[in-house]
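Every number in my numbering is 75 more than the matching position in the sequence shown, counting from 1.
For each residue, glycine too, the CB sits at the ideal point set by N, CA and C.
To start, the structure under review is shown below, and the notes come after it.
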Amino acid sequence: MTTHHAPAQTGSILRQPKQVWAVAFACVIAFMGIGLVDPILPAIAKDLQATETQTELLFTSYLLITGLAMLITSFISSRIGARATLLIGLGLIVVFAALAALSGSVDAVIGFRAGWGLGNALFISTALATIVGAASGGSSAAIILYEAALGLGIAVGPLVGGLLGSIAWQGPFFGVAVLMAIAFIAITVLLGKDDKASRQPTKLSAPIKALRDPGLRTLAIAALFYNIGFFTLLAWTPFALPATFTPLDLGVTFFGWGLAVAISSVWLAPLLTARVRRTTALAIALPLLAATLIVAGVFAGITAVLVVCVIVGGIFLGVLNTVLTESVMEATDLPRSVASSSYSAVRFVGGAIAPPLAAAVKAITGSVGIPFYIGGVSVLVATGVILLSRAALARIDREPEPPAVTEADAIGLGDAA
């Protein structure tokens with residue numbers, strides 16, 4: 076694999092311009108949103124008298140709009156600039172998170188989560204390029220900072236959600252609104268204006284046309300089915316655990332999950348792809364995730380086993396996020412922003428489908444375990460897509476990469492949202 080880093084410069088990666096820290100702080104808060112809602116799902120269902128299916132739509136509206144918005148973010152940022160795109164994204168998150176906290180019905184919260192997803196897509200799609208462009212010490216140092224910010228957000232989000240959710244279900248939403256408002260002010264003050272001359276406008280149709288590429292299309296389809304398993308584990312587990320589990324209990328459980336995702340994304344995945352081909356890495360990790368989901372289904376009534384499955388599943392999720400996105404970056408000659416947008420739009424559809432599907436299956440069957448089986452089978456479908464399409468994926472297997480941090484690792488964490 077050919078890396079795209081600037082030569083490293085001397086000095087500590089911690090010695091960065093203020094604008095880099097402003098964007099990195101905003102990244103932490105943005106990615107806290109991944110697991111923030113998890114610990115308060117049962118509380119929302121209870122306080123707003125909502126069904127499990129209605130409550131799971133909090134994920135669907137967020138992920139569906141995030142995915143669809145990914146198709147237009149490169150078009151927007153290439154015209155108005157990174158700074159304006161970041162600020163619009165942050166502003167939307169502040170507004171819609173606050174409105175969600177002030178809502179009196181689950182339908183309103185679902186709608187405002189959709190607006191939150193739009194803001195998140197605009198922010199996520201621009202943050203990495205902004206940090207790389209502004210950081211000192213070379214792009215490797217910038218990407219390490221970006222990964223650290225995302226990993227911290229992924230891990231801390233559920234814990235903050237559990238702590239604030241112990242006070243009231245509105246707490247995490249208000250917390251995000253306040254923190255993002257601080258990030259908005261920081262970026263307004265510290266991030267300089269864009270260089271208009273350096274912008275290269277992207278066509279609106281570019282991400283859709285990108286799916287004509289066989290390798291990219293194969294990876295996107297595999298990621299769609301993989302994401303059904305991902306978000307079954309993430310969004311259904313709070314309802315599968317006993318009602319005695321408090322928001323803080325759920326927060327601690329998913330803190331362990333987030334920590335596993337972050338560590339395996341940054342360290343384990345590069346070690347694996349340094350030793351085996353990417354398609355082989357996927358063929359190893361996908362069945363292991365499927366097995367974890369099936370075990371969760373079999374032992375859904377045993378709390379300790381379910382908690383262990385969540386955390387162990389996080390290890391495989393982290394590896395898969397990174398390896399899949401690295402593969403996307405190498406599967407085509409298309410610009411990385413276009414390939415990533417196209418891939419993300421498709422895979423987020425799987426994330427949007429999984430939570431309400433799990434709740435509907437439980438409502439029909441009365442079993443909390445069957446949704447995990449469906450998630451496991453879906454991940455096995457993703458495995459089949461990879462194994463049956465190795466010819467289309469030959470390009471991603473050209474060389475194992477060295478066990479070093481790459482740009483794709485960082486984007487892989489980003490796409491975990």
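Checklist entry - Rounded to whole angstroms, how far is the Cβ of Arg353 from the Cβ of Val398, which I believe are closer than 8 Å? => result Working through the sequence shown from its first residue, we reach residue 353 at position 278. Working through the sequence shown from its first residue, we reach residue 398 at position 323. About 6 Å; that satisfies the 8 Å criterion.
Item to check | Thr321, enclosing alpha helix (DSSP H) - first and last residue | outcome: By one-based count along the sequence shown, residue 321 stands at place 246. First-last for Thr321: undefined, no H or E at that position.
Checklist entry - For Asp472, which of helix, strand or coil comes out of DSSP? => result Here residue 472 corresponds to residue number 397 of the sequence shown, with the count starting at 1. Helix.
Checklist entry - Ala19 and Val413: beta carbons closer than 8 Å? => result What the structure shows of the chain is the stretch from 76 to 492, and residue 19 is not part of that stretch, so it cannot be assessed.
Next on the checklist: Determine, for Val251, whether the minimum Cβ-Cβ distance to residues of chain C falls below 8 Å.
Outcome noted: Among the chains in the structure shown there is no chain C, since it carries only a single protein chain.
Checklist entry - DSSP three-state call for Val387: helix, strand or coil? => result Counting from one through the sequence shown, the residue named residue 387 turns up at place 312. Val387: helix per DSSP, three-state reduction.
Next on the checklist: Here's the rule I'm using: 16 or more other beta-carbon atoms within 10 Å means buried, otherwise exposed. How should Ser280 be labelled?
Outcome noted: Position 205 of the sequence shown, counted from the first residue, corresponds to residue 280. Exposed is the call here.
Item to check | Pairwise C-alpha distance: Ser339 and Ser241 | outcome: Residue numbering aside, residue 241 sits at position 166 when the sequence shown is read from its first letter. Residue numbering aside, residue 339 sits at position 264 when the sequence shown is read from its first letter. Whole-angstrom Cα-Cα distance: 29 Å.
Checklist entry - So what does DSSP say about Ile242, is it helix, strand or coil? => result In the sequence shown, the residue the question calls residue 242 occupies position 167. Here Ile242 sits in coil by DSSP.
Checklist entry - Out of curiosity, what's the CA-to-CA distance linking Tyr448 and Gly372? => result Within the sequence shown, numbered from 1, the residue matching residue 448 stands at position 373. Within the sequence shown, numbered from 1, the residue matching residue 372 stands at position 297. So the alpha carbons of these two residues sit roughly 6 Å apart.
Next on the checklist: How far does the alpha helix (DSSP H) with Trp96 in it extend, from its first residue to its last?
Outcome noted: Position 21 of the sequence shown, counted from the start, is the residue given in the question as residue 96. Looking at the DSSP string, the run of the alpha helix (DSSP H) that includes Trp96 is Lys93 to Leu111.
Checklist entry - To the nearest angstrom, how far is it from the Cα of Val380 to the Cα of Lys121? => result Against the sequence shown, residue 380 aligns to sequence position 305. Against the sequence shown, residue 121 aligns to sequence position 46. For Val380 and Lys121, the distance between alpha carbons rounds to 25 Å.
Item to check | Own chain residues within Cβ distance below 8 Å of Leu357, not counting five before or after | outcome: By one-based count along the sequence shown, residue 357 stands at place 282. Excluding the 5 residues flanking it on each side, Leu357 has same chain C-beta neighbours closer than 8 Å at Ala297, Leu395, Val398, Leu399, Ser402, Thr458 and Ile461, in chain order.
Item to check | For Leu123, three-class secondary structure by DSSP | outcome: Sequence index remark: in the sequence shown, residue 123 carries index 48 (1-based). Coil at Leu123, not helix or strand.
Next on the checklist: Tell me the DSSP secondary structure of Leu177 in three-state form.
Outcome noted: Here residue 177 refers to the residue found at position 102 of the sequence shown. DSSP places Leu177 in coil when its eight states are reduced to three.
Checklist entry - Which value, in whole angstroms, describes the spacing of the CA atoms of Ile104 and Gly228? => result As a first step, residue 104 is located in the sequence shown; it is residue number 29 there, counting from the start. As a first step, residue 228 is located in the sequence shown; it is residue number 153 there, counting from the start. Straight-line Cα distance between these residues: approximately 6 Å.
Checklist entry - Considering only the beta carbon of each residue, do Ile262 and Leu165 sit closer than 8 Å? => result Here residue 262 refers to the residue found at position 187 of the sequence shown. Here residue 165 refers to the residue found at position 90 of the sequence shown. Yes, the pair counts as a contact, with Cβ atoms nearer than the cut-off.
Checklist entry - If we count Cβ pairs, one from each stretch, closer than 8 Å, do we get three or more for the region 243-252 versus the region 141-158? => result Output reads no: the region 141-158 does not touch the region 243-252.
Checklist entry - Can you give the beta carbon distance from Gly450 to Leu368, rounded, assuming they're within the 8 Å contact cut? => result Here residue 450 corresponds to residue number 375 of the sequence shown, with the count starting at 1. Here residue 368 corresponds to residue number 293 of the sequence shown, with the count starting at 1. Sure, about 5 Å apart at Cβ, within 8 Å.
Checklist entry - Hey, quick one: how far does the alpha helix (DSSP H) through Val452 stretch, first residue to last? => result On the sequence shown, position 377 is the one that residue 452 refers to. Run containing Val452: Ile445 to Leu463, per the alpha helix (DSSP H) assignment.
Checklist entry - Is it buried or exposed for Val454, if we count other Cβ within 10 angstroms and need 16 for buried? => result Here the question's residue 454 lines up with position 379 in the sequence shown. When all chains shown are included, Val454 counts as buried.
Checklist entry - Where does Arg473 land, buried or exposed, given buried means 16+ other C-beta within 10 angstroms? => result To locate residue 473, count along the sequence shown from 1; it is residue 398. Arg473 is classed as exposed because its beta carbon has fewer than 16 other beta carbons within 10 Å across all chains shown.
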